[in-house]
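Asks: Submitted below is the structure of interest, expressed as structure tokens.
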Amino acid sequence: MTSFIEPYAEHAGEWLPLLLEAMGNTALLSISGFALSLAFGLLLAACRNSRWRALQRAVALYVVAVRGVPLLAILFLLYFGLPGIGVTLDAFTAAVLGLALAFAAQVAELFRAGLMAVPAGQREAALSVGFTPYQSFTLIVLPQVVRISLAPLIVTFVSLLKDSSLASLITVDELVLTGRAMATEYFLPLQIYVAVGLCYFLIAWPFSLLSKRLAPRASR
Amino acid sequence: MNPLLSVTGLTKSYGAVEVLKGIDFDVAPGEKIALIGPSGSGKSTCLRCLNFLEKPSAGEVRLDGERIGVRHDRPMNDRQLAPQRAEMGMVFQLFNLWPHLSVTENVAIAARKVRGLPAKEARELALEMLAKVHMTHRADASPLELSGGQQQRVAIARALAQKPKLMLFDEPTSALDPELVHEVLKVMEELALEGRTMIIVTHEIAFARDIADRVLFLDGGRIVEEGPARELILTPREPRTQAFLRQIRH
Ligand SMILES: Nc1ncnc2c1ncn2[C@@H]1O[C@H](COP(=O)(O)OP(=O)(O)OP(=O)(O)O)[C@@H](O)[C@H]1O
Ligand SMILES: [Mg+2]
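Chains as they are written, first to last, in the working numbering: chain A, 1 to 220; chain B, 1 to 250.
So this is what it looks like as structure tokens:
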């Protein structure tokens with residue numbers, strides 16, 4: 001047991017800064033990817049509810065397609081594939097974009113479920129008091145959709161955070177890639193990957209707690 | 001006196017099904033109209049066509065002479081309709097209070113956002129309207145904490161806060177437990193005594209008889225019979241009205 005713990009004491013000074021920096025990169029990657037997937041997902045949900053059949057179909061197709069393709073394939077396509085048609089993205093941008101494209105489909109479905117969970121009478125009452133359609137949506141419908149979707153959105157963020165580790169395979173300096181470099185340097189893969197896992201857990205844990213606290217309220 | 005509301009040739013179809021087949025009636029200022037009829041006869045549809053929550057297929061609705069839902073011969077969209085809808089207060093069968101807002105906020109929000117009242121005045125107005133429906137004591141509650149009867153009274157206060165020219169009620173007591181019906185009917189009676197103009201879709205025949213000036217009996221998308229409330233309810237002329245009233249009494 002001591003032989004497992006000893007290296008941490010010995011290397012703390014070197015490892016901590018490396019891991020903290022990688023944690024920051026993972027957090028930045030995940031938050032950027034999630035923010036973009038929120039915007040993109042909202043757009044998809046809006047298209048799905050639009051009057052144009054073709055647009056509805058296109059979005060439905062996109063959602064099905066993205067669900068059937070592994071994230072890693074999307075990342076490889078963006079990073080290694082796109083240069084083939086003259087579009088070169090740096091690794092971080094490709095990773096953010098890939099995460100956003102993949103998770104936007106889930107986010108769109110969450111928003112759609114949230115929209116459908118708000119009874120039609122809510123909007124009718126809003127129109128009847130003299131609200132415009134825009135006011136009815138922003139003042140009455142959207143706050144309820146947000147309330148309903150918040151807990152599942154946080155769960156989605158946590159799974160995006162974990163999937164962001166795949167970005168290591170297109171050379172983004174996040175936690176896993178940093179861990180791999182450290183493991184090669186120090187020959188202590190057990191201790192290092194345990195530390196890497198702990199770093200993910202430290203980011204994810206507060207969000208998991210939050211979603212658990214929100215969930216019973218949302219379903220009441 | 002000019003009618004406050006005037007409805008002519010109102011028709012509504014869903015696809016091939018004609019639900020309203022040409023409805024005509026006028027409502028004088030201060031008049032109380034009860035709209036009765038069997039389930040599926042088109043009462044809700046008729047009421048919802050008045051403020052264009054449903055778009056009529058044909059016909060005219062005029063409030064104070066102003067054509068609702070049509071401007072320069074073109075149909076208005078929901079944004080253009082908003083100010084016209086604000087002139088009519090609507091009370092729904094299922095209350096439709098907004099659960100993310102407090103009771104007071106439910107009543108005050110339209111005053112701020114539609115009429116542009118400052119927050120303080122809107123709140124005062126809301127409390128005044130809540131007093132009318134005897135709900136001041138729950139002003140800070142969430143609608144989710146209220147009984148059905150209380151929710152419906154708050155919904156009435158919300159509609160009153162619009163300072164509407166006309167109140168529309170769509171079976172306001174049908175979703176309530178029997179012991180809660182009375183408190184809502186009492187509030188509506190008080191409004192009637194204030195001289196408000198009201199159109200009430202209801203199955204409460206005794207209430208219609210005592211409160212309404214005039215009753216319209218709707219069946220199969222047409223007004224089959226209309227007349228002074230007591231007369232129509234106590235001595236209906238049309239066989240269909242007679243059959244309906246006999247059935248509803250049992
Ligand atoms: N959105 C719709 N699409 C198709 N048909 C509809 C729609 N809304 C109402 N209808 C039909 O129109 C007819 C009249 O409905 P409406 O709700 O106006 O009746 P009602 O008199 O209010 O009945 P109830 O007493 O049950 O409330 C019914 O046959 C109903 O099925
Ligand atoms: Mg009805």
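Heads up, the beta-carbon is just placed ideally off N, CA and C, and yes, glycines get one too.
Please list the terminal residues of the continuous beta strand (DSSP E) segment that includes B:L166.
Replies: Walking along the second sequence from the start, residue 166 of chain B turns up at place 166. Element bounds for B:L166: 166–170.
Asks: Just to check, is the beta-carbon of B:V91 closer than 7 Å to a non-hydrogen atom of ligand 1?
Replies: Residue 91 of chain B sits at position 91 when you count from the first residue of the second sequence. Incorrect: B:V91 has no Cβ contact closer than 7 Å to ligand 1.
Asks: What residue range is occupied by the uninterrupted beta strand (DSSP E) comprising B:E60?
Replies: Here residue 60 of chain B refers to the residue found at position 60 of the second sequence. 58–63 is the extent of the beta strand (DSSP E) around B:E60.
Asks: What is the rounded straight-line gap between the Cα of A:L188 and the Cα of A:F201?
Replies: Residue numbering aside, residue 188 of chain A sits at position 188 when the first sequence is read from its first letter. Residue numbering aside, residue 201 of chain A sits at position 201 when the first sequence is read from its first letter. Distance between the alpha carbons of A:L188 and A:F201 is about 20 Å.
Asks: Distance check for A:E10 and A:Y186, CA to CA, integer angstroms please.
Replies: The sequence position of residue 186 of chain A within the first sequence is 186, counting from 1. The sequence position of residue 10 of chain A within the first sequence is 10, counting from 1. If you take the alpha carbons of A:Y186 and A:E10, they lie about 11 Å apart.
Asks: So, is B:E225 buried or exposed, given that buried needs 16 or more other C-beta atoms within 10 angstroms?
Replies: Your numbering for residue 225 of chain B matches position 225 in the second sequence. So B:E225 ends up on the buried side.
Asks: Does the CB of A:S128 have a neighbour CB from chain B at under 8 Å?
Replies: Counting from 1 along the first sequence, the entry for residue 128 of chain A is found at position 128. Yes, contact with chain B.
Asks: Does the distance between the C-beta of B:V19 and the nearest non-hydrogen atom of ligand 1 fall short of 7 Å?
Replies: Counting from one through the second sequence, the residue named residue 19 of chain B turns up at place 19. It does: the Cβ of B:V19 is within 7 Å (strictly closer) of some heavy atom of ligand 1.
Asks: Are the beta-carbon atoms of A:L101 and A:V66 separated by less than 8 Å?
Replies: By 1-based counting over the first sequence, the position of residue 101 of chain A is 101. By 1-based counting over the first sequence, the position of residue 66 of chain A is 66. Yes, the Cβ-Cβ distance between A:L101 and A:V66 is below 8 Å.
Asks: Could you give the residue range of the alpha helix (DSSP H) that holds B:M129?
Replies: Counting from 1 along the second sequence, the entry for residue 129 of chain B is found at position 129. Here the alpha helix (DSSP H) through B:M129 covers 119–132.
Asks: Report yes or no: is there a C-beta of chain A within less than 8 Å of the C-beta of B:I68?
Replies: Position 68 of the second sequence, counting from 1, holds the residue named residue 68 of chain B. Not one chain A Cβ lies under 8 Å of B:I68.
Asks: Apart from the five residues just before and just after B:A110, which ones in its own chain have a Cβ nearer than 8 Å to its Cβ?
Replies: To locate residue 110 of chain B, count along the second sequence from 1; it is residue 110. Correct list, in chain order: A86, R158, A161, Q162.
Asks: Please check the pair A:F207 and A:F157, which I expect to be a contact at CB under 8 Å, by giving their CB distance rounded to whole angstroms.
Replies: Position 207 of the first sequence holds residue 207 of chain A. Position 157 of the first sequence holds residue 157 of chain A. With 8 Å as the limit, A:F207 and A:F157 qualify as a contact, their Cβ atoms being about 6 Å apart.
Asks: Have a look at A:A45 and A:A120 and give me their C-alpha separation to the nearest angstrom.
Replies: Counting from one through the first sequence, the residue named residue 45 of chain A turns up at place 45. Counting from one through the first sequence, the residue named residue 120 of chain A turns up at place 120. Their Cα atoms are separated by approximately 17 Å.
Asks: How should B:N51 be labelled, buried or exposed, when 16 other C-beta atoms within 10 angstroms of its C-beta is the threshold for buried?
Replies: Counting from 1 along the second sequence, the entry for residue 51 of chain B is found at position 51. Buried: at least 16 other Cβ atoms inside 10 Å.
Asks: Beta-carbon separation of B:L20 and B:G42 under 8 Å?
Replies: Working through the second sequence from its first residue, we reach residue 20 of chain B at position 20. Working through the second sequence from its first residue, we reach residue 42 of chain B at position 42. Contact: yes.
Asks: Name the two residues that bound the continuous beta strand (DSSP E) containing B:V224.
Replies: Numbered from its first residue, the second sequence carries residue 224 of chain B at position 224. That run of the beta strand (DSSP E) goes 222–228.
Asks: Tell me whether B:T197 is buried or exposed, calling it buried when 16 or more other Cβ atoms sit within 10 Å of its Cβ.
Replies: Counting from 1 along the second sequence, the entry for residue 197 of chain B is found at position 197. Answer is buried; the Cβ neighbour count reaches 16.
Asks: Taking DSSP as the reference, what is the three-state secondary structure of B:K55?
Replies: Looking up residue 55 of chain B in the second sequence gives position 55. Three-state result, B:K55: coil.
Asks: With respect to the beta strand (DSSP E) encompassing B:I199, which residues constitute its N-terminal and C-terminal limits?
Replies: To locate residue 199 of chain B, count along the second sequence from 1; it is residue 199. Note, B:I199: beta strand (DSSP E), 198–201.
Asks: Tell me whether B:E204 counts as near ligand 2, meaning its Cβ is closer than 7 Å to at least one heavy atom of that ligand.
Replies: Numbered from its first residue, the second sequence carries residue 204 of chain B at position 204. No - ligand 2 has no heavy atom lying nearer than 7 Å to the Cβ of B:E204.
Asks: Please list the partners that A:E124 has in chain B, where partner means a Cβ-to-Cβ separation under 9 Å.
Replies: Position 124 of the first sequence, counted from the first residue, corresponds to residue 124 of chain A. Per Cβ cutoff of 9 Å: R48, L53, M90, F92, N96.
Asks: Applying the 10 Å Cβ sphere with the 16-neighbour rule, what's the burial state of A:T132?
Replies: Numbered from 1 along the first sequence, position 132 holds the residue referred to as residue 132 of chain A. That one is buried.
Asks: Where does the unbroken alpha helix (DSSP H) through B:D24 begin, and where does it stop?
Replies: What you label residue 24 of chain B is simply residue 24 of the second sequence in a count that begins at 1. Segment 17–27 is the beta strand (DSSP E) holding B:D24; no alpha helix (DSSP H) there.
Asks: Indicate whether B:L193 and B:L35 have their beta-carbon atoms separated by less than 8 Å.
Replies: Numbered from 1 along the second sequence, position 193 holds the residue referred to as residue 193 of chain B. Numbered from 1 along the second sequence, position 35 holds the residue referred to as residue 35 of chain B. Going by C-beta atoms, B:L193 is not nearer than 8 Å to B:L35.
Asks: Establish whether the CB of B:V61 and some CB of chain A are separated by less than 8 Å.
Replies: What you label residue 61 of chain B is simply residue 61 of the second sequence in a count that begins at 1. No, B:V61 does not count as interfacial toward chain A.
Asks: Could you tell me which chain B residues have their CB closer than 8 Å to the CB of A:L139, listed as they occur along the chain?
Replies: As a working mapping, residue 139 of chain A is identified with position 139 in the first sequence. Chain B residues near A:L139: I109, K113.
Asks: With a cut-off of 8 Å, does the C-beta of A:P7 fall near any C-beta of chain B?
Replies: The residue you call residue 7 of chain A lines up with position 7 of the first sequence. Cβ-Cβ to chain B under 8 Å: no for A:P7.
Asks: Could you check what DSSP says for B:T8 in three-state terms: helix, strand or coil?
Replies: On the second sequence, position 8 is the one that residue 8 of chain B refers to. Reduced to three states, the DSSP call for B:T8 is strand.
Asks: Would you say B:V27 and B:P3 are within 8 Å of each other, going by their C-beta atoms?
Replies: Taking the second sequence and counting its residues from 1, one reaches residue 27 of chain B at position 27. Taking the second sequence and counting its residues from 1, one reaches residue 3 of chain B at position 3. Closer than 8 Å, so yes.
Asks: So, under 8 Å CB-CB, B:G149 and B:E183 are touching, yes? Tell me the CB distance rounded to an integer number of Å.
Replies: As a first step, residue 149 of chain B is located in the second sequence; it is residue number 149 there, counting from the start. As a first step, residue 183 of chain B is located in the second sequence; it is residue number 183 there, counting from the start. So it is a contact: roughly 5 Å between Cβ atoms.
Asks: What in chain B is Cβ-close to A:R147, meaning under 8 Å?
Replies: For the purposes of this step, residue 147 of chain A is taken as residue 147 along the first sequence, with counting starting at 1. H100, listed in chain order.
Asks: Answer yes or no: does any C-beta atom of chain B fall closer than 8 Å to that of A:G114?
Replies: Translated into positions along the first sequence, residue 114 of chain A becomes position 114. For A:G114, the answer is no, since every Cβ of chain B falls outside 8 Å of its Cβ.
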